[in-house]
Amino acid sequence: MRAVQIIRFGGPEVLDVVDLPDPNPADGEVLYEVSSSGVNFADTHQTENSYLAPQELPLVPGAEFVGTPAGGGQRVVGLLAGGGYAQRVAANPRLTWPVPDGVTDEQALAVVLQGATAWHLLRTSTHLSPGESVVVIAGAGGVGTLAIQLAKHWGAGRVIATASSPEKRALAESLGADATVDPALAEDDPKTFTAALREANGGQRVDVVLEMTGGNVFDGAFSALAPFGRLAAYGTAGRVPPKPVNPQSLMGTSRAVIGFWLAHCMTRPQMMDEAMTDLLPLVADGTVRPVSGGRYPLTAVREAHQDLLARRTTGKLVLDPAR
């Protein structure tokens, strides 16, 4: 089978398309023919070995797929520990979910990892209540575009999204964001970013922040929190970690910082079931509209990673293993 393999760590240049043997399913696993593979920002961290979990070489990246069991059967969307950038994968059926008719591969891939992340950030980590204000950092990204829609669907009082270009800010607003802010305001001084978020919220501090950039964006968003506000940190896309949070700054303002990594939900499959059994019907009936960021041939995997790192994309990126 054709697959993308990494034998050295680095940037997109280390992603090589090679021929590999089909995976050998372990006990309880099933071999699937892959029709589409999902691409995530976390994959770029895997390539660099800067991910939360240390990586071992050689490796085939990719944590999600849409496919059918070898020999035929129901189309499913599934999660993997790795190996998704390939024509075939071995997966545990406990981490797969039937794809409803009318839901495309791209839509299903958008919700299995990024959608489930948005779902748990709002439901499990920050416990969003109706009427609360929500800031979605990177509102034009895969998680962000879905978090905006879910927050509005669940009754958020005001949704504020950050995005780095007028086109991306317009997309966020078309999905339901009440206001948008340019995250570049945080580059020189996080206080400027804090002021912009408060202005976007009618001069008030905000209740919930979903943060995946780090650095000054984290610091500025944290300072914008209201008493009892919650910031959920789920990435460091800016490759710059935030400064340590002083416990006194939490106690003195009754604010909370919560970390989130979907891998922990994968070890508790019922948590994934909760999200997926909610999300897939919402996509099927049109309540939630995943944004497609482009379908790339497997042979163009380097281009997909380059576009992702350069912030040239919006929504969900997908690889086509047949091309």
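FYI, numbering that gives the first Met the number 0 numbers position 298 of the sequence shown as 297, with every residue one higher than the one before it.
All C-beta atoms in this analysis are idealised placements derived from N, C-alpha and C, irrespective of residue type, glycine included.
By DSSP, does residue 242 sit in helix, in strand, or in coil?
Here residue 242 is taken as the residue at index 243 of the sequence shown, counted from 1. Note: residue 242 maps to coil in three-state DSSP.
Go ahead and label residue 280 buried or exposed: buried means 16 or more other beta carbons lie within 10 angstroms of its beta carbon, across all protein chains shown.
Here residue 280 refers to the residue found at position 281 when the sequence shown is read from its first residue. Classification for residue 280: exposed.
If you scan the stretch 38-80 from start to end, which runs of the beta strand (DSSP E) of 3 or more residues do you find wholly inside it?
Segments of the beta strand (DSSP E) lying fully in the stretch 38-80: 63-68, 75-78.
Which first and last residues belong to the beta strand (DSSP E) in which residue 89 is found?
For the purposes of this step, residue 89 is taken as residue 90 along the sequence shown, with counting starting at 1. Start and end: 87-90.
Is it buried or exposed for residue 35, if we count other Cβ within 10 angstroms and need 16 for buried?
The count along the sequence shown starts at 1 and reaches residue 35 at position 36. Classification for residue 35: buried.
Please say whether residue 38 and residue 316 have beta carbons closer to each other than 8 Å?
By one-based count along the sequence shown, residue 316 stands at place 317. By one-based count along the sequence shown, residue 38 stands at place 39. Yes, they are a contact pair.
At 4 residues or longer, what runs of the alpha helix (DSSP H) sit wholly inside the stretch 216-287?
The qualifying runs are 246-250, 262-265, 268-283.
Would you call the stretch 167-184 in contact with the stretch 131-139, where contact means no fewer than 3 C-beta pairs closer than 8 Å?
As far as the Cβ criterion goes, the stretch 167-184 touches the stretch 131-139, which means the pair count is three or higher.
State the Cα-Cα distance for the pair residue 182 and residue 190, rounded to the nearest angstrom.
Looking up residue 182 in the sequence shown gives position 183. Looking up residue 190 in the sequence shown gives position 191. When rounded, the distance between both Cα atoms is 12 Å.
Can you tell me the Cα-Cα spacing of residue 212 and residue 70, whole angstroms?
Along the sequence shown, read from residue 1 onward, the residue named residue 212 stands at position 213. Along the sequence shown, read from residue 1 onward, the residue named residue 70 stands at position 71. Cα to Cα, residue 212 sits roughly 43 Å from residue 70.
For the alpha helix (DSSP H) containing residue 302, name the first residue and the last one.
Start at 1 with the first residue of the sequence shown, and residue 302 comes out as number 303. 300-308 is the extent of the alpha helix (DSSP H) around residue 302.
Please report how far the alpha carbon of residue 61 lies from the alpha carbon of residue 313, in whole angstroms.
Locating residue 61 in the sequence shown gives position 62, counting from the first residue. Locating residue 313 in the sequence shown gives position 314, counting from the first residue. Each residue's Cα considered, the two are about 19 Å apart.
Just reading off the alpha helix (DSSP H) that residue 143 is part of, what are its end residues?
For the purposes of this step, residue 143 is identified with residue 144 of the sequence shown, where counting begins at 1. Element bounds for residue 143: 141-152.
Short check: CB of residue 125 to CB of residue 229, under 8 Å?
One-based indexing of the sequence shown puts residue 125 at position 126. One-based indexing of the sequence shown puts residue 229 at position 230. In this structure, residue 229 lies closer than 8 Å to residue 125 by Cβ.
For residue 160, which three-state DSSP category applies?
Locating residue 160 in the sequence shown gives position 161, where the first residue counts as 1. Reduced to three states, the DSSP call for residue 160 is strand.
Classify residue 127: buried if its beta carbon has 16 or more other beta carbons within 10 angstroms, exposed otherwise.
One-based indexing of the sequence shown puts residue 127 at position 128. Classification of residue 127: buried, given that the 10 Å Cβ count is 16 or more.
Check whether the Cβ atoms of residue 77 and residue 103 lie closer than 8 Å to each other.
As a working note, residue 77 is residue 78 in the sequence shown. As a working note, residue 103 is residue 104 in the sequence shown. No, Cβ-Cβ distance for residue 77 and residue 103 is not below 8 Å.
Figure out for me which residue from 9, 115, 64, 99 has the closest Cα to the Cα of residue 328.
A question about residue 328 goes unanswered here, because the residues of the chain that appear run from 0 up to 322.
Please name the residue in 206, 200, 188 whose C-alpha comes closest to that of residue 380.
A query on residue 380 cannot be resolved here, the shown segment of the chain reaching from 0 to 322 and no further.
With DSSP as the reference, label residue 112 as helix, strand or coil.
The residue given as residue 112 occupies position 113 in the sequence shown. Residue state, collapsed to three classes: helix.
Whole angstroms is fine: what's the gap from residue 291's alpha carbon to residue 26's?
Taking the sequence shown and counting its residues from 1, one reaches residue 291 at position 292. Taking the sequence shown and counting its residues from 1, one reaches residue 26 at position 27. The alpha-carbon atoms of residue 291 and residue 26 are separated by roughly 35 Å.
Can you tell me where the beta strand (DSSP E) holding residue 210 begins and where it ends?
Walking along the sequence shown from the start, residue 210 turns up at place 211. Taken as a continuous stretch (DSSP letters only), the beta strand (DSSP E) holding residue 210 covers 205-210.
Report the option in 184, 231, 166, 156 whose CA atom is closest to the CA atom of residue 200.
By 1-based counting over the sequence shown, the position of residue 200 is 201. Residue 156 is the option with its Cα nearest to residue 200.
Please return the same chain residues whose Cβ sits closer than 7 Å to the Cβ of residue 13, not counting the five positions on each side in sequence.
Start at 1 with the first residue of the sequence shown, and residue 13 comes out as number 14. The residues are 5, 7, 46.
Out of 43, 19, 204, which has the shortest C-alpha to C-alpha gap to residue 238?
By one-based count along the sequence shown, residue 238 stands at place 239. Nearest option by C-alpha distance: 43.
Could you check if residue 78 belongs to the surroundings of the ligand COA, using beta carbon to heavy atom distance under 7 Å?
The ligand COA is not part of the structure shown, which contains no ligands of any sort.
Is residue 304 buried or exposed, if buried means 16 or more other CB atoms sit within 10 Å of its CB?
Working through the sequence shown from its first residue, we reach residue 304 at position 305. Residue 304 is buried by the Cβ-count criterion.
Just curious, the alpha helix (DSSP H) that residue 2 is in, first and last residue?
Indexing the sequence shown from 1 puts residue 2 at position 3. Taken as a continuous stretch (DSSP letters only), residue 2 belongs to no alpha helix (DSSP H), being part of the beta strand (DSSP E) at 1-4.
Pull the bridge partners of residue 132 from the DSSP assignment, please.
Position 133 of the sequence shown, counted from the start, is the residue given in the question as residue 132. Paired residues: 157.
Assign residue 318 to one of three DSSP states: helix, strand, or coil.
Here residue 318 corresponds to residue number 319 of the sequence shown, with the count starting at 1. Correct three-state label for residue 318: strand.
Any idea if residue 192 is buried or exposed, counting beta-carbon neighbours within 10 angstroms, 16 or more meaning buried?
Position 193 of the sequence shown, counted from the start, is the residue given in the question as residue 192. Buried: at least 16 other Cβ atoms inside 10 Å.
How would you call residue 149, buried or exposed, if buried means at least 16 neighbouring beta carbons within 10 angstroms?
Counting from 1 along the sequence shown, the entry for residue 149 is found at position 150. Label assigned to residue 149: buried.
Measure the C-alpha to C-alpha separation of residue 220 and residue 106 and round it to an integer number of angstroms.
Translated into positions along the sequence shown, residue 220 becomes position 221. Translated into positions along the sequence shown, residue 106 becomes position 107. Roughly 30 Å between the two C-alpha positions.
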